[in-house]
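Working notes for the structure below.
Protein chains: 2
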Amino acid sequence: MARTKRFDEEEVLNNAMLFFWHKGYNGTSPQEILDELGLSRSSLYDTYGDKRSLFISTLKRYRDTVTGDVIRLLETADNIPEAIKSLFQQSRNSCFSGEEKNGCFMVNSKVELALHDEEVAAIVKENREALENAFTNAIKRGQEKGQLSKDNQPRALARFIMNNLWGLTVHSKSGADKKVFDDIIRMTLSVIK
Amino acid sequence: MARTKRFDEEEVLNNAMLFFWHKGYNGTSPQEILDELGLSRSSLYDTYGDKRSLFISTLKRYRDTVTGDVIRLLETADNIPEAIKSLFQQSRNSCFSGEEKNGCFMVNSKVELALHDEEVAAIVKENREALENAFTNAIKRGQEKGQLSKDNQPRALARFIMNNLWGLTVHSKSGADKKVFDDIIRMTLSVIK
DNA sequence: ATATTTGTGGAACAAAAGTTCCGTTATCAT
DNA sequence: ATGATAACGGAACTTTTGTTCCACAAATAT
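Protein chains in written order, with the numbering used here: chain H, 7 to 199; chain R, 7 to 199.
If you want it as C-alpha cells, here you go:
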C-alpha cells in the first residue's frame with residue numbers, strides 16, 4: 007500500500023558496517039554515511055533508528071556473516087589443523103593484499119567501546135564465547151580423528167589460538183611487515199600438533 | 007619576568023593521557039579534560055597546542071614511561087624467563103584488580119587511529135620495533151645464560167611473545183574471565199623454554 | 001615601584017554532529 | 001482512479017566540539 011524503499015536495506019547496512027569498521031564508531035558521522043551512500047537522512051533514521059542503533063545492527067551483521075563463516079568453517083572442516091592454518095593465512099593475507107588493513111570489526115569495536123557501552127560489551131562477549139566453543143569442538147574432533155595430539159586441553163588450545171589471531175589483528179595496525187606475521191604464525195602453529 | 011603556571015604541566019599531561027587511554031581520542035573532548043582537571047581553556051591550548059597535539063604528547067609520554075619501563079626491565083633482568091612471566095602476570099592482574107581494564111594505550115591508539123594518522127602510525131611502529139628489539143636482546147641473553155633453549159630464533163620468539171601480550175589486551179575488553187587468561191598464559195609460557 | 005612578560009578566565013564563535021519534522025511523492029490494494 | 005500508507009528531500013534546530021581572542025592578573029628583573 008505504500009511506496010517502496012529506493013535503496014537496498016541490506017546493502018546500506020553492509021556499507022555502513024564498512025564505515026564503522028574502517029573509521030570506528032566515534033570516527034564516523036551520519037553525514038559521511040549519507041554522503042557516500044546517497045540515501046536521505048530521513049530514510050536512514052526511519053530504517054535503522056539513531057546512530058547507535060545503526061552501529062549495533064552492523065555489529066550484529068558482522069557477527070552473523072564474518073564470525074558466522076568462521077564458525078561454520080570450523081564445524082564442517084574435515085582436516086582441523088589445515089582449517090586452523092588457513093584461518094591464520096587468511097588473516098595474514100588480508101593485511102597485505104589490497105586495502106584490508108581494517109583488522110577485525112569485533113576487535114576494533116571492543117577496544118573502542120566495550121568499557122562504555124553494555125550492549126556492545128554483551129555482543130563481543132557472546133561473540134568470543136561462540137568462537138571459543140567452535141574452536142574447542144573442532145579441536146576435540148581433530149583429536150578424535152588423530153589429526154591433533156591429545157597433549158593439549160581443547161579449550162585451552164582454543165583460547166591460545168584466538169589470542170594469537172587477535173594479536174595479529176593488532177599487528178596489522180602496528181606497521182609490522184610480512185616476516186613478523188610469518189614468525190608469529192609459524193610459532194603458533196608449532197604448538198598445534 | 008612573567009607569571010608562573012598555576013598547574014603542574016606533567017601532571018595535567020598525565021591526566022589527559024588517562025582520559026585518552028580510557029575513552030580514546032575521538033571519545034574524549036577538550037571540555038571533559040577541562041572540567042576534570044580544572045585548568046582554563048586558554049592554558050590548555052597555550053601549553054599543549056590543539057587537541058591532536060595534546061594527544062600526540064600523551065602518546066609519547068606513554069612510550070617514555072610505560073613502554074620504557076618494560077624495556078628497562080628486559081634490559082636489566084637477570085632471570086629472563088621470570089621477567090617474561092612477570093610481564094604476563096602483570097597483564098593478567100591489571101585486568102582483574104581495580105579499574106584497570108583500559109588495556110594498552112598503544113594498542114588502543116593504533117586500533118583507533120593508525121590507519122588515519124601518519125604520526126600516530128609512526129609512533130606505534132617505532133614503539134613496536136623498540137619492544138621487539140628489547141625482547142629479542144633479552145632472549146639472546148637468556149639463551150647465552152642457559153636459561154632458555156636455543157631451539158627458537160630470538161626474534162621470532164620475541165614476536166610471538168608480543169603477539170600474545172597484545173592478544174591479552176584485547177581479551178581484557180572481551181568479557182573473558184580469569185581462566186581464559188590463565189590458559190593463554192600457560193600455553194604461551196610452555197613455548198618459552 | 002614599574003615595566004615587561006606570560007598565565008588566566010571566560011566570552012565568543014564557526015563548524016560539525018546528531019536528530020526531528022513536515023510537505024511532497026511514489027506505491028499498491030481496492 | 002483513489003485513498004491509505006510509507007518513503008523521500010531537505011529545511012531546521014539543538015548540542016557539542018574545537019578553537020580563538022582579549023581584557024585582566026600575577027610574577028619578576030630592573
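All C-beta atoms in this analysis are idealised placements derived from N, C-alpha and C, irrespective of residue type, glycine included.
Distance check for residue j and residue i, CA to CA, integer angstroms please.
i: asparagine 143 of chain H; j: leucine 79 of chain H; result: 12 angstroms
i: alanine 83 of chain R; j: serine 178 of chain R; result: 27 angstroms
i: phenylalanine 166 of chain H; j: isoleucine 167 of chain R; result: 12 angstroms
i: lysine 146 of chain R; j: glutamate 135 of chain R; result: 16 angstroms
i: asparagine 32 of chain H; j: serine 59 of chain H; result: 14 angstroms
i: arginine 12 of chain R; j: leucine 43 of chain R; result: 12 angstroms
i: threonine 73 of chain R; j: glutamine 149 of chain H; result: 40 angstroms
i: serine 63 of chain H; j: glutamate 16 of chain H; result: 11 angstroms
i: asparagine 61 of chain R; j: valine 130 of chain R; result: At residue 61 of chain R the sequence reads phenylalanine, which differs from the asparagine that was named. Approximately 13 angstroms between the Cα atoms of the pair.
i: phenylalanine 111 of chain H; j: leucine 50 of chain R; result: 34 angstroms
i: arginine 9 of chain R; j: glutamine 153 of chain R; result: 57 angstroms
i: aspartate 123 of chain H; j: cysteine 101 of chain R; result: 18 angstroms
i: glutamate 81 of chain R; j: asparagine 139 of chain R; result: 10 angstroms
i: serine 35 of chain H; j: phenylalanine 94 of chain H; result: 33 angstroms
i: lysine 57 of chain H; j: histidine 28 of chain R; result: 22 angstroms
i: leucine 19 of chain H; j: glutamate 132 of chain R; result: 37 angstroms
i: glutamate 125 of chain H; j: lysine 184 of chain R; result: 22 angstroms
i: glutamate 106 of chain H; j: lysine 151 of chain R; result: 43 angstroms
i: glycine 55 of chain R; j: methionine 23 of chain R; result: 15 angstroms
i: threonine 194 of chain R; j: proline 87 of chain R; result: 12 angstroms
i: glutamine 159 of chain R; j: leucine 65 of chain H; result: 39 angstroms
i: asparagine 21 of chain R; j: arginine 67 of chain H; result: 37 angstroms
i: aspartate 14 of chain H; j: aspartate 52 of chain H; result: 14 angstroms
i: aspartate 41 of chain H; j: glutamine 96 of chain H; result: 32 angstroms
i: leucine 45 of chain R; j: aspartate 157 of chain R; result: 56 angstroms
Given a threshold of 16 other Cβ atoms within 10 Å of its Cβ, counted over all protein chains shown, does residue i qualify as buried or as exposed?
i: arginine 69 of chain H; result: buried
i: methionine 7 of chain H; result: exposed
i: aspartate 75 of chain R; result: exposed
i: arginine 47 of chain H; result: exposed
i: serine 196 of chain R; result: exposed
i: arginine 98 of chain H; result: buried
i: serine 103 of chain H; result: exposed
i: aspartate 202 of chain R; result: In the structure displayed, chain R extends from 7 to 199; residue 202 of chain R sits before or after that span and is not available.
i: serine 115 of chain H; result: buried
i: threonine 71 of chain R; result: exposed
i: asparagine 85 of chain R; result: exposed
i: alanine 128 of chain H; result: exposed
I think residue i touches residue j, with their Cβ atoms under 8 angstroms apart; what is that distance to the nearest whole Å?
i: phenylalanine 25 of chain R; j: glutamate 38 of chain R; result: 7 angstroms
i: glutamate 118 of chain H; j: glycine 30 of chain R; result: 6 angstroms
i: alanine 164 of chain R; j: phenylalanine 141 of chain R; result: 4 angstroms
i: valine 176 of chain H; j: valine 113 of chain R; result: 6 angstroms
i: lysine 199 of chain H; j: serine 155 of chain H; result: 5 angstroms
i: glycine 173 of chain R; j: asparagine 169 of chain H; result: 3 angstroms
i: leucine 171 of chain H; j: isoleucine 77 of chain H; result: Their Cβ separation, rounded to whole angstroms, is 13 angstroms, which puts leucine 171 of chain H and isoleucine 77 of chain H out of contact at 8 angstroms.
i: arginine 192 of chain H; j: alanine 89 of chain R; result: Not a contact, Cβ separation roughly 24 angstroms.
Can you give me, in chain order, the residues of the segment 129–158 of chain H that have a beta carbon less than 7 angstroms from any beta carbon in chain R? Answer set for the segment 129–158 of chain H: Val130, Lys131 and Arg134.
Contained alpha helix (DSSP H) runs [length at least 4] in the segment 10–66 of chain R, N- to C-terminal order: Listed in chain order, the complete alpha helix (DSSP H) runs (minimum 4 residues) inside the segment 10–66 of chain R are 15–29, 36–43 and 47–54.
Any alpha helix (DSSP H) of 4 or more consecutive residues that is wholly inside the segment 152–198 of chain R: Whole alpha helix (DSSP H) segments, 4+ residues: 160–177 and 184–197.
Using a Cβ-Cβ cut-off of less than 7 angstroms, give me the residues of the segment 89–105 of chain H that come near chain R, in sequence order. Here the close residues number zero.
Please go through the segment 74–101 of chain H and give each complete beta strand (DSSP E) segment of 3 or more residues, from N-terminal end onward. No beta strand (DSSP E) of 3 residues or more sits fully in the segment 74–101 of chain H.
Going along the chain, which residues of the segment 107–125 of chain H sit with their C-beta nearer than 8 angstroms to a C-beta in chain R? Listed in sequence order: Lys107, Asn108, Gly109, Val113, Asn114, Lys116, Val117, Glu118, Ala120, Leu121 and His122.
Residues, ordered as in the chain, of the segment 64–86 of chain R that lie near chain H by beta-carbon distance below 8 angstroms: So nothing in the stretch comes that close.
Between the segment 181–197 of chain H and chain R, which residues of the former have a C-beta closer than 8 angstroms to a C-beta of the latter? Taking 8 angstroms as the Cβ-Cβ cut-off against chain R, the residues of the segment 181–197 of chain H that qualify are Gly181, Ala182, Val186, Asp189, Ile190, Arg192, Met193, Thr194, Ser196 and Val197.
Just by C-beta distance, which residues in the segment 7–25 of chain R are closer than 9 angstroms to chain H? Those residues of the segment 7–25 of chain R that come within reach of chain H (Cβ to Cβ, closer than 9 angstroms) do not exist; the list is empty.
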